[in-house]
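Student:
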Amino acid sequence: MKTTIINSELDLLCQQGRLSSEPIAVLDEQGEVAFINSAMQDVLPDGTLSATTRAALTGSKARRLITLARSDGQDRTSRQLFAIPLEHCRLVTLIEHEDDPRIKRLQAQLEEARKRSMTDALTGVWNRNQFDEFLHIEIPRAERYGQPICLLVLDIDHFKRVNDEHGHSVGDEVLRQVSDLIRQQIRLVDSLFRWGGEEFTVLLPNTSLSAARFIAERLRQAIGQFCFETAGVVTVSIGAAELERGETAEAWFSRADDALYEAKNLGRDQVVCAEANADRLIGGEYGDSPVLMPWKSIYESGHPLIDQQHRELFRMGNRLIAASLDETVGKEDFLRLADELIEHCAQHFSDEENILAEIGYEDLDQHHKAHNGLLTRARKLRNQARTGSVNTRDVIDFLVDKLVKQHMLTADMAFFPQLTKPAAEQN
Numbered sequence: 012m013k014t015t016i017i018n019s020e021l022d023l024l025c026q027q028g029r030l031s032s033e034p035i036a037v038l039d040e041q042g043e044v045a046f047i048n049s050a051m052q053d054v055l056p057d058g059t060l061s062a063t064t065r066a067a068l069t070g071s072k073a074r075r076l077i078t079l080a081r082s083d084g085q086d087r088t089s090r091q092l093f094a095i096p097l098e099h100c101r102l103v104t105l106i107e108h109e110d111d112p113r114i115k116r117l118q119a120q121l122e123e124a125r126k127r128s129m130t131d132a133l134t135g136v137w138n139r140n141q142f143d144e145f146l147h148i149e150i151p152r153a154e155r156y157g158q159p160i161c162l163l164v165l166d167i168d169h170f171k172r173v174n175d176e177h178g179h180s181v182g183d184e185v186l187r188q189v190s191d192l193i194r195q196q197i198r199l200v201d202s203l204f205r206w207g208g209e210e211f212t213v214l215l216p217n218t219s220l221s222a223a224r225f226i227a228e229r230l231r232q233a234i235g236q237f238c239f240e241t242a243g244v245v246t247v248s249i250g251a252a253e254l255e256r257g258e259t260a261e262a263w264f265s266r267a268d269d270a271l272y273e274a275k276n277l278g279r280d281q282v283v284c285a286e287a288n289a290d291r292l293i294g295g296e297y298g299d300s301p302v303l304m305p306w307k308s309i310y311e312s313g314h315p316l317i318d319q320q321h322r323e324l325f326r327m328g329n330r331l332i333a334a335s336l337d338e339t340v341g342k343e344d345f346l347r348l349a350d351e352l353i354e355h356c357a358q359h360f361s362d363e364e365n366i367l368a369e370i371g372y373e374d375l376d377q378h379h380k381a382h383n384g385l386l387t388r389a390r391k392l393r394n395q396a397r398t399g400s401v402n403t404r405d406v407i408d409f410l411v412d413k414l415v416k417q418h419m420l421t422a423d424m425a426f427f428p429q430l431t432k433p434a435a436e437q438n
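Quick note on the working numbering: the sequence shown kicks off at 12 and runs consecutively.
Right, here's the structure in full:
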């Protein structure tokens, strides 16, 4: 995965060098010349960067600015090589002085090119290169913190027919509208990518397979019910897979992709979840413990997303309890876990209120006020813990006992019966 990221950065810089009229060279991590344009060749002795110059620009004591010498040995004081250090390589250009405006202009061009390289030009969502980079970050994070993570692979059904019958401009508009519909349905913590053609992927951090199925069904229904002006009815097939511990990105994607094609083979316009080994799933339940909070079946509301988020709050609360008892866990790590619990709770409250609004829950306003009060108190307590005015026990008592457990067992359980009522009774 790292090699892919490095090559992507090198490709971006080399492409920028080809397009630029400024003298440009690109040096890789080893200090070798990966690219040099003709404008740079024209001003360099022998048309290349010498080993001595490359070492000066990339070594352990690398300089960003070195004087370019004439071929006759005299200093050319008005012409200097300037190296811009990047994550995996260096971009070298020619300037007149340290405040040369070309430096900022080139850096701005690089930033714009980097943004273009990260997003799909048609839909504006993340592209396939960014998908690889996100996996490089999200998989280790999920395994480190014991959080489930799911992947959706989505394909527009019979998309070739749309292009053939209505033209590619209509097909492009369908792709844009589908990407917009997906973005409207997923959470802020989720990430949408255009994989290629009519295929999209969605990363769902901190999400179990049962919740991913619910989200995927919501996407499928939103797209299937949308009125596409020219194309008419458009449907999608979706494959979902939850990451197993130790699973490679390639194997995880392959399982989700296989589930997608099973959905296609079953008639399209449906969601299929890949089978997983329950013993290898990352977000496993905590066992019985005199300290940790066990999840019980009586806590189930019957709504997949609410139940998944409640279970996750229990997991996060248990991690916070365990961290408070572990002498090797520092204050900053404890507060980071507290922050994650609070922000997950904020997302859950928002999702829960949307669901309650859909069923017409009569005490929604009161429930919303309770949510706001809990979050305000939680964030204030977190800030007090950071300054040392409250201890970890106070944080645990409020976040775990009051924010998570007591609120769910009192205020939340009041609306559980309405979630399972037939639609006619709710109205």
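Glycine included, each C-beta is placed from N, C-alpha and C at the ideal position.
#1: My understanding is that Phe-204 touches Arg-139, with C-beta atoms under 8 Å, so please give their C-beta distance in whole angstroms.
#2: Consult DSSP for Ala-287 and reduce its assignment to one of helix, strand or coil.
#3: Is the number of C-beta pairs between the segment 251 to 260 and the segment 342 to 360 that are closer than 8 Å three or more?
#4: Just to confirm the assignment, what range does the alpha helix (DSSP H) spanning Ile-353 have?
#5: Expressed to the nearest angstrom, what Euclidean distance is found between the alpha-carbon atoms of Pro-34 and Arg-65?
#6: Which residue comes first and which comes last in the beta strand (DSSP E) that contains Glu-253?
#7: Would the beta-carbon of Ile-167 fall within 8 Å of that of Val-283?
#8: Which residues share a DSSP beta bridge with Pro-10?
#9: Around the Cβ of His-179, are there at least 16 other Cβ atoms within 10 angstroms (buried) or fewer (exposed)?
#10: Measuring CA to CA, which of Ser-32, Glu-40, Thr-63, Thr-69 is closest to Gln-52?
#11: Could you have a look at Ile-114 and say whether DSSP puts it in helix, strand or coil?
#12: Could you tell me the boundaries of the beta strand (DSSP E) in which Ser-400 lies?
#13: By a C-beta neighbour count over all protein chains shown, 10 Å radius and 16 as the cutoff for buried, is Glu-369 buried or exposed?
#14: With DSSP run on the structure shown, which of helix, strand or coil describes Ala-36?
#15: Roughly how many angstroms separate the alpha carbons of Met-419 and His-321, rounded to a whole number?
#16: Please return the same chain residues whose Cβ sits closer than 7 Å to the Cβ of Arg-397, not counting the five positions on each side in sequence.
#17: Under 8 Å, do Glu-149 and Ile-160 count as touching if we go by C-beta distance?
#18: When DSSP builds the beta bridges, which residues end up paired with Phe-46?
#19: Along the chain, where does the beta strand (DSSP E) that runs through Leu-163 open and close?
#20: In the structure shown, what three-state DSSP assignment does Asp-175 receive?
#21: Counting Cβ pairs closer than 8 Å, one from the segment 174 to 189 and one from the segment 229 to 249, do we hit at least three?
#22: For the beta strand (DSSP E) containing Ser-202, name the first residue and the last one.
#23: What residue does the alpha helix (DSSP H) around Thr-421 start on, and which one ends it?
#24: Work out the CA separation of Asn-383 and Gly-371 for me, nearest whole Å.
#25: Along the chain, where does the alpha helix (DSSP H) containing Leu-230 start, and where does it finish?
#26: Okay, do the segment 310 to 329 and the segment 398 to 415 touch, 3+ Cβ pairs below 8 Å being the bar?
#27: Output needed for Ile-353: all residues of its chain with C-beta closer than 6 Å, excluding positions within five of it in sequence on either side, in chain order.
#28: With respect to the alpha helix (DSSP H) encompassing Pro-428, which residues constitute its N-terminal and C-terminal limits?
#29: Check each candidate in Phe-142, Glu-311, Pro-315, Val-164 and name the one with the smallest Cα separation from Tyr-272.
#30: Between the Cα of Pro-315 and the Cα atoms of Val-340, Ile-366, Thr-421, which residue gives the shortest distance?
#31: Have a look at Leu-162 and Ala-267 and give me their C-alpha separation to the nearest angstrom.
#32: Take Ser-300 and list the residues in its own chain whose beta-carbon comes closer than 6 Å to its own, dropping the five residues that flank it on each side.
#33: How big is the Cα-Cα spacing for Val-411 and Gln-429?
#34: Which partner residues of Arg-279 appear in the DSSP bridge assignment?
#35: To the nearest angstrom, how far is it from the Cα of Phe-225 to the Cα of Ala-274?
#36: Mark Ile-47 as exposed unless 16 or more other C-beta atoms lie within 10 angstroms of its C-beta, in which case mark it buried.
Tutor: Quick answer:
#1: Within the sequence shown, the letter at position 193 stands for residue 204. Within the sequence shown, the letter at position 128 stands for residue 139. About 7 Å; that satisfies the 8 Å criterion.
#2: In the sequence shown, the residue the question calls residue 287 occupies position 276. In the structure shown, Ala-287 sits in coil (DSSP, three-state: anything other than H, G, I, E or B).
#3: no
#4: Locating residue 353 in the sequence shown gives position 342, counting from the first residue. Its alpha helix (DSSP H) spans residues 342 to 369.
#5: Along the sequence shown, one-based indexing puts residue 34 at 23. Along the sequence shown, one-based indexing puts residue 65 at 54. Rounded to whole angstroms, Pro-34 to Arg-65 spans 16 Å at the Cα level.
#6: As a position in the sequence shown, residue 253 is number 242, starting the count at 1. Taken as a continuous stretch (DSSP letters only), the beta strand (DSSP E) holding Glu-253 covers 247 to 253.
#7: Position 156 of the sequence shown, counted from the first residue, corresponds to residue 167. Position 272 of the sequence shown, counted from the first residue, corresponds to residue 283. No, these two residues do not count as a Cβ contact at 8 Å.
#8: This structure leaves residue 10 out entirely; the chain is present only between 12 and 438.
#9: In the sequence shown, counting from the first residue as 1, residue 179 sits at position 168. It is exposed - the Cβ of His-179 has fewer than 16 other Cβ atoms within 10 Å.
#10: Taking the sequence shown and counting its residues from 1, the one referred to as residue 52 is at position 41. When only C-alpha atoms are compared, the closest one is Ser-32.
#11: The residue labelled residue 114 in the question sits at position 103 within the sequence shown. Reduced to three states, the DSSP call for Ile-114 is helix.
#12: Position 389 of the sequence shown, counted from the start, is the residue given in the question as residue 400. That residue, Ser-400, is in no beta strand (DSSP E); it is neither H nor E in DSSP.
#13: For the purposes of this step, residue 369 is identified with residue 358 of the sequence shown, where counting begins at 1. With fewer than 16 other Cβ atoms within 10 Å, it is exposed.
#14: Working through the sequence shown from its first residue, we reach residue 36 at position 25. Reduced to three states, the DSSP call for Ala-36 is strand.
#15: Residue 419 sits at position 408 when you count from the first residue of the sequence shown. Residue 321 sits at position 310 when you count from the first residue of the sequence shown. C-alpha separation (whole angstroms): 8 Å.
#16: Locating residue 397 in the sequence shown gives position 386, counting from the first residue. Closer than 7 Å at the Cβ level, and outside the excluded window around Arg-397, lie Leu-346.
#17: Working through the sequence shown from its first residue, we reach residue 149 at position 138. Working through the sequence shown from its first residue, we reach residue 160 at position 149. Cβ distance < 8 Å, so Glu-149 and Ile-160 count as in contact.
#18: Along the sequence shown, read from residue 1 onward, the residue named residue 46 stands at position 35. Paired residues: Val-37.
#19: For this step, residue 163 is matched to residue 152 along the sequence shown. Unbroken beta strand (DSSP E) run through Leu-163: 160 to 167.
#20: For this step, residue 175 is matched to residue 164 along the sequence shown. DSSP places Asp-175 in helix when its eight states are reduced to three.
#21: yes
#22: Locating residue 202 in the sequence shown gives position 191, where the first residue counts as 1. Residues 202 to 207.
#23: Working through the sequence shown from its first residue, we reach residue 421 at position 410. First-last for Thr-421: undefined, no H or E at that position.
#24: Sequence index remark: in the sequence shown, residue 371 carries index 360 (1-based). Sequence index remark: in the sequence shown, residue 383 carries index 372 (1-based). Taking the straight line from one Cα to the other gives about 20 Å.
#25: Against the sequence shown, residue 230 aligns to sequence position 219. First-last of the alpha helix (DSSP H) with Leu-230: 220 to 235.
#26: yes
#27: Position 342 of the sequence shown, counted from the start, is the residue given in the question as residue 353. Ala-389.
#28: By 1-based counting over the sequence shown, the position of residue 428 is 417. Element bounds for Pro-428: 427 to 430.
#29: Stepping through the sequence shown from its first residue, residue 272 is reached at position 261. Selected option, being the one with the closest Cα: Val-164.
#30: Along the sequence shown, read from residue 1 onward, the residue named residue 315 stands at position 304. Comparing Cα-Cα distances from Pro-315 to each of Val-340, Ile-366, Thr-421, the minimum goes to Ile-366.
#31: Mapped onto the sequence shown, residue 162 falls at position 151. Mapped onto the sequence shown, residue 267 falls at position 256. Taking the straight line joining both Cα atoms gives about 7 Å.
#32: Locating residue 300 in the sequence shown gives position 289, where the first residue counts as 1. Annotation note: pLDDT 36 at Ser-300 (below 50); position unreliable, no value reported.
#33: Position 400 of the sequence shown holds residue 411. Position 418 of the sequence shown holds residue 429. Whole-angstrom Cα-Cα distance: 26 Å.
#34: Here residue 279 refers to the residue found at position 268 when the sequence shown is read from its first residue. None, per the DSSP bridge assignment.
#35: Working through the sequence shown from its first residue, we reach residue 225 at position 214. Working through the sequence shown from its first residue, we reach residue 274 at position 263. Phe-225 and Ala-274: Cα-Cα distance of roughly 16 Å.
#36: Translated into the one-based positions of the sequence shown, residue 47 becomes position 36. Under this definition Ile-47 is a buried residue.
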